[in-house]
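Please read the structure below before turning to the comments.
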Amino acid sequence: MSLLSSVPELIHYYVKWRANGFRAGAHVGRIAGSGSRFRGHGPLLDNPDPRRIDVRATARDPYRRLLVKMYQQNVSLPVWVVADWSASMAFQGGQGTNKMEVIADLCEQLAWSTWRMADRLGFIACNDGIVRPLQVPARCSRLQGSAIRQRLMQAPAPQGSAHGLASAAAEIGRERALVFLVTDAHYPLPDLQHVLQSLSGHDVVPVVLWNSAEYSALPRWGFARFRDAETRQERLLWCRPRLQQKINAAYEARRQAIAAVCAQWGRLPFFISDRLQARALTHYFMESAR
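In case it helps, this note's numbering puts the sequence shown at residues 4 to 293.
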């Protein structure tokens, strides 16, 4: 059952760079066309549109040419969700919350948002390599999110490592894209550095997905068995308030370390705890646009 309502919320995303594409869209492109951002003046012979003749610029031109106003073409861009499909992403939290459901919600909201912006949305899942049955090519469709959700809900539980995330760049292609890298980052930070480096040709939004039950829903007193989802190693620990404080402090230190690594590659991470809030992600883009 989806955590979303019947109509997904819009995520208003923004990029500072000029897109390379040719399809009409909502983002400022590199080529001249029918956009709204003024680019400069050019001769009428090179830009045969008499409606844009600038009389004042023509009068000032020393070569007595008819000059027209030129604008940047508004174009679409590809948007990709690259999801960590390693074993730790199979964690099941309380009240039926799980990470796969949050990823599906994100894809549905992005599908609705990209369709409104005339952009294309694609999906790639990675564990030890690319999970081919879950891969969805980028296309502009408001039903793209439902197609991705259906595949996620029918797929086996995530397993393996997250080493394959670095292979996603080859699947995305050379055209610069907006990439949502969704991961819990429960692996060494040098591996995260390597993944971000492999995607450096794109605009990467690191989405760090944690479940509060991973570190807060622990017994106050008593023995508890802990298992590492990636390595399957188990430990028996005596739970007490002091241990809870240490775990919370370790997660906060981990949060700051992840933020420091991501900041080196252009964007701070967006942290999700349990459930996705579209307004919070929109606010994230508004802050980064300043």
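Here a beta-carbon is modelled for each residue, glycine too, at the ideal position from N, C-alpha and C.
Since we're looking at a predicted model, the values are computed, not measured.
Per-residue burial, residue i [other beta carbons within 10 Å of its own, 16 or more giving buried]
i	result
residue 172	buried
residue 286	exposed
residue 229	exposed
residue 282	exposed
residue 290	exposed
residue 20	exposed
residue 83	buried
residue 187	buried
residue 75	buried
residue 92	buried
Bridge partners - residue i, DSSP secondary structure assignment
i	result
residue 79	Paired residue(s): none; residue 79 is not in a bridge.
residue 95	101
residue 274	211
residue 56	71
residue 86	128, 185
residue 22	32
residue 269	Bridge partners of residue 269: none, in fact.
residue 241	226
residue 41	74
residue 27	78
residue 51	Paired residues: none, contrary to the question.
residue 123	81
residue 46	70
Cβ-Cβ distance between residue i and residue j below 8 Å
i	j	result
residue 3	residue 133	This structure cannot settle anything about residue 3, because the visible part of the chain is limited to 4 through 293.
residue 48	residue 61	no
residue 22	residue 30	yes
residue 192	residue 264	yes
residue 96	residue 73	no
residue 125	residue 139	yes
residue 32	residue 43	no
residue 114	residue 88	no
residue 272	residue 180	no
residue 28	residue 101	no
residue 205	residue 182	yes
residue 143	residue 121	yes
residue 13	residue 123	no
residue 207	residue 152	no
residue 154	residue 168	no
residue 131	residue 163	yes
residue 242	residue 257	no
residue 268	residue 201	no
residue 79	residue 26	yes
residue 218	residue 190	no
residue 288	residue 17	yes
Residue i Cβ short of 7 Å to the ligand GTP heavy atom set
i	result
residue 119	Looking at this structure, you won't find the ligand GTP or any other ligand, since it has none at all.
Residue ranges of each alpha helix (DSSP H) within the stretch 130-174, 4 or longer: Segments of the alpha helix (DSSP H) lying fully in the stretch 130-174: 147-157.
Can you list the beta strand (DSSP E) stretches of 3 or more residues lying completely in the stretch 192-229, in chain order? Taking only runs of at least 3 residues, the beta strand (DSSP E) segments lying wholly in the stretch 192-229 are 206-213.
Contact between the stretch 134-154 and the stretch 103-111 (3+ Cβ pairs under 8 Å): Taking 8 Å as the limit for Cβ pairs, the verdict is that the stretch 103-111 does touch the stretch 134-154.
If contact is defined by three or more beta carbon pairs under 8 Å, each pair taking one atom from either stretch, is the stretch 202-222 in contact with the stretch 269-278? Under the three-pair Cβ rule at 8 Å, the stretch 269-278 counts as touching the stretch 202-222.
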